[in-house]
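Student: Handing you a structure now.
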Amino acid sequence: MNGSGWISLYRDIQNHWIFKNDKWFKWWVIMLFEVNHKDSKCNIGYEVITVKRGCSTKSLRTWSNLFNTTPKTVLKFFNLLEKDGMISKKTIGKGKQSTTLVNIANYNDYQGSEETLSKRKVNTKETLSKRKLPTNNNDNNDNNDNNDNNIPKFSEFLNFAKTKKPKADGEAIKLKYDSWVINDWKDGNNKKIKNWKSKLLNTLPYIKESTYKSPTDITL
Numbered sequence: 387m388n389g390s391g392w393i394s395l396y397r398d399i400q401n402h403w404i405f406k407n408d409k410w411f412k413w414w415v416i417m418l419f420e421v422n423h424k425d426s427k428c429n430i431g432y433e434v435i436t437v438k439r440g441c442s443t444k445s446l447r448t449w450s451n452l453f454n455t456t457p458k459t460v461l462k463f464f465n466l467l468e469k470d471g472m473i474s475k476k477t478i479g480k481g482k483q484s485t486t487l488v489n490i491a492n493y494n495d496y497q498g499s500e501e502t503l504s505k506r507k508v509n510t511k512e513t514l515s516k517r518k519l520p521t522n523n524n525d526n527n528d529n530n531d532n533n534d535n536n537i538p539k540f541s542e543f544l545n546f547a548k549t550k551k552p553k554a555d556g557e558a559i560k561l562k563y564d565s566w567v568i569n570d571w572k573d574g575n576n577k578k579i580k581n582w583k584s585k586l587l588n589t590l591p592y593i594k595e596s597t598y599k600s601p602t603d604i605t606l
């Protein structure tokens with residue numbers, strides 16, 4: 387694994403079934419580290435393909451080495467994740483040149499766009515120095531005030547999101563709000579958000595809900 391860079395994790399992951407199994411959670415974090423953080427090209431046999439962010443063409447054998455387990459167990463784990471909608475996978479290539487293309491669902495929404503992540507890395511220190519950070523984020527959501535009437539307080543942002551998607555996870559909504567604040571209210575394509583309600587409505591389908599059901603019918 388690369389020794390630089392970072393990934394995002396929602397606090398609500400603690401309520402997810404995968405967090406309750408130390409081995410599976412470790413494997414999931416390894417996957418987040420190992421998939422592409424930007425688009426790249428690779429060859430499968432004599433064919434060149436583009437591998438998108440959040441995807442990987444590592445073989446089951448390679449994943450098994452990373453997980454310290456067997457390819458058969460890796461496949462069972464991937465099937466479990468796919469059943470819960472966390473990934474999709476398919477075989478690409480032919481014969482000995484084939485491999486497994488794994489795609490982590492909604493990777494761009496959870497991890498932020500490549501441009502957004504780059505800006506955060508450069509600007510976070512300056513942004514934090516200009517903002518008075520609350521001692522407890524959970525108790526001080528209204529501190530995100532702004533004199534621009536077009537930019538809402540977090541309480542208004544949260545209430546609007548909850549009226550449209552009541553089961554949406556509050557922490558996930560907070561992370562989305564913070565990402566837009568840090569990015570000067572621009573989206574992942576660096577376009578100014580002119581109507582935050584409309585933009586949030588388009589984003590809500592990708593916001594995770596706060597409850598999960600743990601699958602118990604698969605044993606690894």
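The opening residue of the sequence shown carries number 387 in the numbering used here; numbering runs sequentially from there. Note that beta-carbon positions come from the ideal geometry of N, C-alpha and C, so glycine has one too. Bear in mind the structure is a predicted one, so any value in this text is a computation, not a measurement.
Rounded C-beta distance between D398 and E542? I'm assuming under 8 Å.
Tutor: Here residue 398 refers to the residue found at position 12 when the sequence shown is read from its first residue. Here residue 542 refers to the residue found at position 156 when the sequence shown is read from its first residue. Actually they do not touch by this definition, with Cβ atoms about 21 Å apart.
Student: Just to confirm my understanding: we take V554, look at its own chain, exclude 5 residues before and 5 after, and list those with CB closer than 8 Å. What are they?
Tutor: Sequence index remark: in the sequence shown, residue 554 carries index 168 (1-based). The amino acid at residue 554 is misidentified as Val; the sequence shows Ala. So the qualifying residues of the chain are A547, K548, L590, I593, K594, E595 and S596.
Student: Whole angstroms are fine: how far does the CA of K562 sit from the CA of Y396?
Tutor: Within the sequence shown, numbered from 1, the residue matching residue 396 stands at position 10. Within the sequence shown, numbered from 1, the residue matching residue 562 stands at position 176. Between Y396 and K562, the C-alpha separation is close to 11 Å.
Student: Taking DSSP as the reference, what is the three-state secondary structure of T443?
Tutor: As a first step, residue 443 is located in the sequence shown; it is residue number 57 there, counting from the start. Residue state, collapsed to three classes: coil.
Student: Need the endpoints of the alpha helix (DSSP H) that S426 sits in, please.
Tutor: On the sequence shown, position 40 is the one that residue 426 refers to. Per DSSP, S426 belongs to no alpha helix (DSSP H); it is in the beta strand (DSSP E), S426 to I430.
Student: Just verifying my parser: in three-state terms, what is the DSSP assignment at N526?
Tutor: In the sequence shown, residue 526 corresponds to position 140, counting from 1. Reliability fails at N526, whose pLDDT of 43 lies under 50, so the model's placement of it is uncertain and the value that follows must be treated cautiously. In this structure, N526 counts as coil in the three-state DSSP scheme.
Student: T436 and D425: beta carbons closer than 8 Å?
Tutor: Within the sequence shown, the letter at position 50 stands for residue 436. Within the sequence shown, the letter at position 39 stands for residue 425. Against a cut-off of 8 Å, the Cβ pair of D425 and T436 comes out as a contact.
Student: For I478, name the three-state secondary structure that DSSP assigns.
Tutor: Residue numbering aside, residue 478 sits at position 92 when the sequence shown is read from its first letter. Three-state DSSP puts I478 in a strand.
Student: Run through DSSP, which three-state label would I559 get?
Tutor: Along the sequence shown, read from residue 1 onward, the residue named residue 559 stands at position 173. Looking at I559 - three-state DSSP - the assignment turns out to be helix.
Student: Just to confirm before moving on: does the CB-CB distance between I430 and T485 stay below 8 Å?
Tutor: In the sequence shown, residue 430 corresponds to position 44, counting from 1. In the sequence shown, residue 485 corresponds to position 99, counting from 1. The answer is yes: Cβ separation under 8 Å.
Student: Which one of N454, K551 and M417 has the shortest CA to CA distance from V488?
Tutor: Residue 488 sits at position 102 when you count from the first residue of the sequence shown. The candidate whose alpha carbon is nearest that of V488 is M417.
Student: On the three-state DSSP scale, how would you describe N489?
Tutor: Here residue 489 refers to the residue found at position 103 of the sequence shown. It is a strand residue.
Student: In whole angstroms, give me the CA-to-CA distance for N588 and D573.
Tutor: Taking the sequence shown and counting its residues from 1, one reaches residue 588 at position 202. Taking the sequence shown and counting its residues from 1, one reaches residue 573 at position 187. Answer to the nearest angstrom: the Cα atoms are 12 Å apart.
Student: I need the boundaries of the alpha helix (DSSP H) containing T549, first residue and last residue.
Tutor: On the sequence shown, position 163 is the one that residue 549 refers to. Its alpha helix (DSSP H) spans residues F540 to K550.
Student: K572 by DSSP, collapsed to three states: which one?
Tutor: On the sequence shown, residue 572 is found 186 positions in, with the first residue counted as 1. The answer is strand: DSSP assigns K572 an E or B state.
Student: My output table needs one value for V434: the three-state DSSP class, helix, strand or coil.
Tutor: In the sequence shown, counting from the first residue as 1, residue 434 sits at position 48. In the structure shown, V434 sits in a strand (DSSP, three-state: E or B).
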